[in-house]
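Asks:
Residue numbers (my numbering): 79 to 522.
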């Protein structure tokens, strides 16, 4: 700390008080590009500001670049994004145009700090949101110098993009005077040649910056990861803990060929948002649809689902649940009155789970459909398994026919004509006897 103050004391600070600013310290410099950045105080408001001075007379720049700076100032005046320090003022003290912007109490990513993997993802998301804003402007604005030094992050993880000194308005070919605008290792390869500038250009610098963060590589040593023959940044061996999909996303950002990168910040952002940074399990199910059919009333049916995770150095954790259904009585996630799981919860990369159906709790000759939910710590957190159950029909009672009585009936039915004739003769005799009695009584 004392060394830093001693070095600051050795630096001759400019006097801008006649313009309303008191310079406090030098924040950074790029003497080759003729740019020096200071922290200062606005004497009228006592508010901290940043002053960036373009010293063309003391650099290799052409005086015609002064006009370009003026155009860039006009662009910054029109920008309105929380991630870009607001333009406040500009003045010319005689040795170079000065640009005044908001001061942010934040450190550049080039300052050694430790970020959690999800924090790095959040930083990437916020930078991409700034780039989306710039690319949606008409004409679009290209920063062309994305690197750790030009990205500020505060303690609340607010992100700011600074130093638009190499910015370009609109696409098209890069002018010869600005072909080498940018920083080696972070500058898109097409910026080295007279090629059309596209929305994919700034994605390269973002990718290289994230690689520095994730591999703990200083920005000044990014060249050690670059294969000069192919222009590829080789970083995969340093990030074995990252998820394969996130690594693929990073590889896309730093493709030497711009046509192989995401076409825009918007596309890169959409691809990043659902990704996990750290390597996570991936679920593979032996079946995603189960059908049961019972043959007997009250039968218990069982089927097995094999669950596996093939991602090395990860452990799959999961638990089963039956999705709510309007026909089911209220139940807790851990209990269902006719569906059960064995085991319900697990921590394993290969396990066989048994799903059991108790049809004694169901109506006969019906079809039931339910949805089973497998919640895990995998990339896709919830897996869906559909369930169909057909219950057995009610049994039909088999009544025994009265074969004995049927046979007797058949036997006696053969004598029926004779019985009828005998009955007729008897009845005739009875009637005759009754008539004789009546005649006898009358004669008496």
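No residue lacks a Cβ here, since even glycine has one placed at the ideal position from N, Cα and C.
Decide if the region 279-286 is in contact with the region 206-226; the criterion is three or more beta carbon pairs, one per stretch, under 8 angstroms apart.
Replies: Result yes; three or more Cβ-Cβ pairs closer than 8 angstroms.
Asks: For residue 264, which residues from the same chain have a beta carbon less than 8 angstroms from its beta carbon, with the 5 sequence-adjacent residues on both sides left out?
Replies: Mapped onto the chain shown, residue 264 falls at position 186. Within the same chain, residue 264 has close Cβ partners 223, 224, 225, 282, 283, 286, 287, 297 and 300.
Asks: Roughly how many angstroms separate the alpha carbons of residue 391 and residue 92, rounded to a whole number?
Replies: Here the question's residue 391 lines up with position 313 in the chain shown. Here the question's residue 92 lines up with position 14 in the chain shown. When rounded, the distance between both Cα atoms is 56 angstroms.
Asks: How would you write the range of the beta strand (DSSP E) that residue 106 sits in, first residue to last?
Replies: One-based indexing of the chain shown puts residue 106 at position 28. Element bounds for residue 106: 99-108.
Asks: On the premise that residue 362 lies in contact with residue 386, defined as a C-beta separation below 8 angstroms, what is that separation, rounded to the nearest angstrom?
Replies: Translated into the one-based positions of the chain shown, residue 386 becomes position 308. Translated into the one-based positions of the chain shown, residue 362 becomes position 284. With a Cβ gap of about 5 angstroms, residue 386 and residue 362 count as contacting.
Asks: If you measure between the beta carbons of residue 131 and residue 114, is that distance less than 8 angstroms?
Replies: Along the chain shown, read from residue 1 onward, the residue named residue 131 stands at position 53. Along the chain shown, read from residue 1 onward, the residue named residue 114 stands at position 36. Yes, the Cβ-Cβ distance between residue 131 and residue 114 is below 8 angstroms.
Asks: Cutting at 6 angstroms between CB atoms, please list the residues of its own chain near residue 199, excluding the five before and the five after it.
Replies: By 1-based counting over the chain shown, the position of residue 199 is 121. Counting only Cβ-Cβ distances below 6 angstroms, and skipping sequence neighbours, we find 355.
Asks: What three-state label does DSSP hand residue 213 in the structure shown?
Replies: Looking up residue 213 in the chain shown gives position 135. Residue state, collapsed to three classes: helix.
Asks: Rounded to whole angstroms, what's the CA-CA distance from residue 116 to residue 128? Just pull it up for me.
Replies: The sequence position of residue 116 within the chain shown is 38, counting from 1. The sequence position of residue 128 within the chain shown is 50, counting from 1. One C-alpha to the other measures close to 6 angstroms.
Asks: Answer yes if the region 402-420 comes into contact with the region 435-451, meaning at least three C-beta pairs across the two stretches below 8 angstroms, and no otherwise.
Replies: The answer is yes - the region 402-420 touches the region 435-451, with three or more Cβ pairs under 8 angstroms.
Asks: Would you mind working out which of 463, 194 and 94 sits nearest residue 364, comparing C-alpha positions?
Replies: Position 286 of the chain shown, counting from 1, holds the residue named residue 364. When only C-alpha atoms are compared, the closest one is 463.
Asks: Within 10 angstroms of its Cβ, does residue 454 collect 16 or more other Cβ (buried), or is it exposed?
Replies: By one-based count along the chain shown, residue 454 stands at place 376. Buried.
Asks: Nearest to residue 403 by alpha carbon, out of 302, 267, 427 and 449?
Replies: To locate residue 403, count along the chain shown from 1; it is residue 325. Among 302, 267, 427 and 449, the Cα nearest to that of residue 403 is on 449.
Asks: Are the CB atoms of residue 104 and residue 121 within a distance shorter than 8 angstroms?
Replies: As a first step, residue 121 is located in the chain shown; it is residue number 43 there, counting from the start. As a first step, residue 104 is located in the chain shown; it is residue number 26 there, counting from the start. No, these two residues do not count as a Cβ contact at 8 angstroms.
Asks: Determine the direct distance from the alpha carbon of residue 303 to that of residue 311, and round the result to whole angstroms.
Replies: For this step, residue 311 is matched to residue 233 along the chain shown. For this step, residue 303 is matched to residue 225 along the chain shown. Rounded to the nearest angstrom, the two C-alpha atoms are 5 angstroms apart.
Asks: Counting C-beta neighbours from all protein chains within 10 Å, is the total for residue 90 16 or more, i.e. buried, or is it exposed?
Replies: For the purposes of this step, residue 90 is taken as the residue at position 12 of the chain shown. Flag for residue 90 reads exposed.
Asks: Determine whether the beta carbon atoms of residue 432 and residue 380 lie at a separation below 8 angstroms.
Replies: For this step, residue 432 is matched to residue 354 along the chain shown. For this step, residue 380 is matched to residue 302 along the chain shown. Contact flag set, yes.
Asks: Decide if residue 268 is buried, meaning its Cβ has at least 16 other Cβ atoms within 10 Å, or exposed.
Replies: Residue 268 sits at position 190 when you count from the first residue of the chain shown. Label assigned to residue 268: buried.
Asks: For residue 232, which beta-bridge partners are listed by DSSP?
Replies: For this step, residue 232 is matched to residue 154 along the chain shown. In the DSSP output, where bridge partners are listed per residue, residue 232 has none listed.
Asks: Among 458, 227, 216 and 368, which has the Cα closest to the Cα of residue 107?
Replies: As a working note, residue 107 is residue 29 in the chain shown. With distances taken between Cα atoms, residue 107 lies closest to 227.
Asks: For residue 388, count neighbouring C-beta atoms within 10 Å of its own C-beta (all shown protein chains included) and say buried if the count is 16 or more, exposed if not.
Replies: Position 310 of the chain shown holds residue 388. Residue 388 should be labelled exposed.
Asks: Less than 8 angstroms separating the beta-carbons of residue 148 and residue 163?
Replies: On the chain shown, residue 148 is found 70 positions in, with the first residue counted as 1. On the chain shown, residue 163 is found 85 positions in, with the first residue counted as 1. No.
Asks: Give every residue of the same chain whose Cβ lies closer than 7 angstroms to the Cβ of residue 425, excluding the five residues on either side of it in the sequence, and list them in chain order.
Replies: Translated into the one-based positions of the chain shown, residue 425 becomes position 347. Taken in chain order, the residues that qualify are 393 and 395.
Asks: Using only alpha-carbon positions, find the residue among 360, 155, 378 and 294 that is nearest to residue 469.
Replies: Locating residue 469 in the chain shown gives position 391, counting from the first residue. Nearest of 360, 155, 378 and 294 to residue 469, Cα basis: 378.
Asks: My assumption, with CB atoms under 8 angstroms, is that residue 347 sits in contact with residue 237. Please give the rounded CB distance.
Replies: Against the chain shown, residue 347 aligns to sequence position 269. Against the chain shown, residue 237 aligns to sequence position 159. In fact, because the Cβ distance is near 13 angstroms, the residues do not count as touching under 8 angstroms.
Asks: Can you tell me which of the three DSSP states residue 324 falls into?
Replies: Against the chain shown, residue 324 aligns to sequence position 246. In the structure shown, residue 324 sits in a helix (DSSP, three-state: H, G or I).
Asks: Looking at the ligand FAD, does it come within less than 7 angstroms of residue 233, judged from the CB to the closest heavy atom?
Replies: The ligand content of the structure shown is nil, which means the ligand FAD is not present either.
Asks: Exposed or buried, what is residue 412 when buried is set at 16 or more other beta-carbons lying within 10 Å of its beta-carbon?
Replies: Numbered from its first residue, the chain shown carries residue 412 at position 334. Burial call: exposed.
Asks: Look at residue 398 and residue 452 and say whether their C-beta atoms are less than 8 angstroms apart.
Replies: As a working note, residue 398 is residue 320 in the chain shown. As a working note, residue 452 is residue 374 in the chain shown. The answer is yes: Cβ separation under 8 angstroms.
Asks: Compute the distance between the beta-carbons of residue 320 and residue 292, then report whether it is under 8 angstroms.
Replies: In the chain shown, the residue the question calls residue 320 occupies position 242. In the chain shown, the residue the question calls residue 292 occupies position 214. Result yes, Cβ atoms of residue 320 and residue 292 sit closer than 8 angstroms.
Asks: With DSSP as the reference, identify every bridge partner of residue 432, one or two as the case may be.
Replies: Here residue 432 corresponds to residue number 354 of the chain shown, with the count starting at 1. Partner(s): 382 and 420.
Asks: Looking at the structure shown, is residue 402 part of a helix, part of a strand, or coil, going by DSSP?
Replies: Position 324 of the chain shown, counted from the first residue, corresponds to residue 402. Correct three-state label for residue 402: coil.
Asks: Going straight from the alpha carbon of residue 317 to that of residue 349, what length do you get?
Replies: On the chain shown, position 239 is the one that residue 317 refers to. On the chain shown, position 271 is the one that residue 349 refers to. Their Cα atoms are separated by approximately 19 angstroms.
Asks: What residues match up with residue 94 in a beta bridge as DSSP calls it?
Replies: For the purposes of this step, residue 94 is taken as residue 16 along the chain shown, with counting starting at 1. Beta-bridge pairing links residue 94 to no other residue.
Asks: Are there 16 or more other CB atoms within 10 angstroms of the CB of residue 295, so buried, or fewer, so exposed?
Replies: The residue given as residue 295 occupies position 217 in the chain shown. Buried: at least 16 other Cβ atoms inside 10 Å.
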